[in-house]
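Down below is the structure, laid out as C-alpha cells.
Number of protein chains: 2
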Amino acid sequence: MSEKDDFDLQYFLPYMLNQAAEESSIAFQRHYKNRYGMLRTEWRVLFHLGRYGEMTAKEIGERARIHKTKVSRAVQKLADRRFLTRKKDENDRRSERLELTQAGLAAYRDLRGVAQEYDAKLVAGFDPEDVATLRRLLARLAG
Amino acid sequence: MSEKDDFDLQYFLPYMLNQAAEESSIAFQRHYKNRYGMLRTEWRVLFHLGRYGEMTAKEIGERARIHKTKVSRAVQKLADRRFLTRKKDENDRRSERLELTQAGLAAYRDLRGVAQEYDAKLVAGFDPEDVATLRRLLARLAG
DNA sequence: GGTTGTTAGTTACAAAATCAACTATTACCT
DNA sequence: AGGTAATAGTTGATTTTGTAACTAACAACC
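Given below as C-alpha cells:
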C-alpha cells in the first residue's frame, strides 16, 4: 500500500525519543521497582526530596512536571512505606511540608548512586561531545 | 537533606529522554486523537500498515516493539472504525493479514504529512549537524 | 465581616496499560 | 498417528493513569 514516501517512523523524533526513553528506562526501573517497590513517580518524588530537601507536593509537581494527582498518590505511598513524613505547614495549612525519613534518605542515596552509574554506562560508548549535544538538545526539546 | 551531591535528575538521561518524549508528543497527539479518535498505539499500527503495506499483528509488534495485547486491541479498534480489514492467512490460520481500507489509507497519508511537518518544526531552530547527532544517538539508545 | 474567587491536596470514576491465563492452530518428535 | 510443545492472537483481572469533581484553607474585595 505504500507509494513513493520515504518518511519512516524510525526517524520521527517523537517516536525515537519514546523508544529511547522506554529502552533506557527498563534496566533502571528494576532498581526502584524490585528493590524498593516503587513506581517511577515515587522514585522521582523521592529523588526531589533527597536532592533538594524538604518541600511541598506542589513544588515537587512544578519542578518535575508531574500532575498533582500523581504526586498526591506517590506521596501517599511513600508515606505508607515510611519513606517520608508529612507535617502541615503552619503558615498555610492547606499544604504540607514533606521530608524524607532515614529510610527514605537511605533509599535516595542508594538509588542516586545507581542512577549515576547507569547514566555513565548508557553513554559509555559515545563521543563525549556528541553526548553533550544530545543532552543540550534534549533539554531544549523538554521545553 | 542534601549534602554534597551534584547529580541532578535534569541530567539523568532516562529522565531527559522521558521529558523530551512527552513534551514532543503532546502537540502531535492532538492530530490522531482529536481528528481520528486514535490512541498512540493505533496511530503506530496505522502507520506501519500504511508505510509497509499488509502485514500481521505479530510483525507490527516486532517492528514497533509493541506488546501483542496492545497490538491486538489497537487492531480491533481500527477494524471497528473501518480503518483496516483482517483476513485469515490461509497458510497459517492462526494469524491474519491486516490491510488498510481506503479510509485507513487516507488517514495514514494525512497523518504522515502532519508528522513530517511536525518533525521539521521540532528541529527547526537547531543546527542540522546537531540534529543528525541527536538522531544517531537516539537510534543507538533505542537499541 | 461576608461573599466570591483561588489554591493545595484528595477522592471517585473512567480510560488505558500490564500481566496471566486462555483458545485455536501449527510444529515437532518418537 | 499421537502426544507434547510452541505460536498468533484474544480475553479477563489487576494496576496505573487521567479527568473531573470535591474539601479545606486562604485571599481579596466591597
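Top to bottom, those sequences are chains Y and U. By the count of our numbering, the first sequence reaches residue 1308 at its end, each step adding exactly one. By the count of our numbering, the second sequence reaches residue 1308 at its end, each step adding exactly one. Yeah, the Cβ is synthetic: ideal placement off N, Cα and C, and Gly gets one too.
- Assigned with DSSP and collapsed to three states, glutamate 1255 of chain U falls in coil, not helix or strand.
- For phenylalanine 1248 of chain Y, there are no neighbours in chain U by C-beta distance under 8 Å, as the nearest C-beta there is about 12 Å away.
- Around tyrosine 1283 of chain Y, the same chain offers Phe1193 as residues with beta carbons nearer than 6 Å, after the five sequence neighbours per side are excluded.
- For tyrosine 1176 of chain Y, the neighbours in chain U by C-beta distance under 9 Å run, in chain order, Asp1284, Arg1300, Ala1304.
- Around the C-beta of proline 1293 of chain Y, fewer than 16 other C-beta atoms lie within 10 Å, and the residue is accordingly described as exposed.
- In the structure shown, leucine 1302 of chain Y falls within a helical segment according to DSSP collapsed to helix, strand and coil.
- The beta carbon of phenylalanine 1248 of chain U sits closer than 7 Å to those of Leu1211, Leu1265, Thr1266, Ala1268, Gly1269, Ala1272, all from its chain and outside the five residues before and after it, given in chain order.
- For alanine 1244 of chain Y, no Cβ of chain U is located within less than 8 Å of the residue's own Cβ.
- At the C-beta level, arginine 1230 of chain U and glutamine 1184 of chain Y come within 8 Å of one another.
- At a cut-off of 8 Å between beta-carbon atoms, glycine 1308 of chain Y makes contact with chain U.
- The segment 1236-1253 of chain Y makes contact with the segment 1196-1210 of chain Y, as at least three CB pairs between them are under 8 Å.
- Within 10 angstroms of the beta-carbon of glycine 1215 of chain U lie 16 or more other beta-carbons, which makes it buried.
- Not one beta carbon of chain Y lies nearer than 8 Å to the beta carbon of asparagine 1199 of chain U.
- Just measuring C-alpha positions, the residue of Y:Arg1305, Y:Ala1289, Y:Gly1290 sitting nearest aspartate 1295 of chain U is Y:Arg1305.
- For leucine 1302 of chain U, the closest alpha carbon among the candidates Y:Gly1290, Y:Gly1308, Y:Asp1254 is that of Y:Gly1290.
- About 7 Å separates the Cβ atoms of leucine 1263 of chain Y and glutamate 1219 of chain Y, confirming a contact at the 8 Å cut-off.
- Taking a Cβ-Cβ cut-off of 9 Å, proline 1293 of chain U has no neighbours in chain Y, whose nearest Cβ is about 12 Å from it.
- Under the 10 Å beta carbon count, glycine 1226 of chain U is surrounded by 16 or more other beta carbons and is classified as buried.
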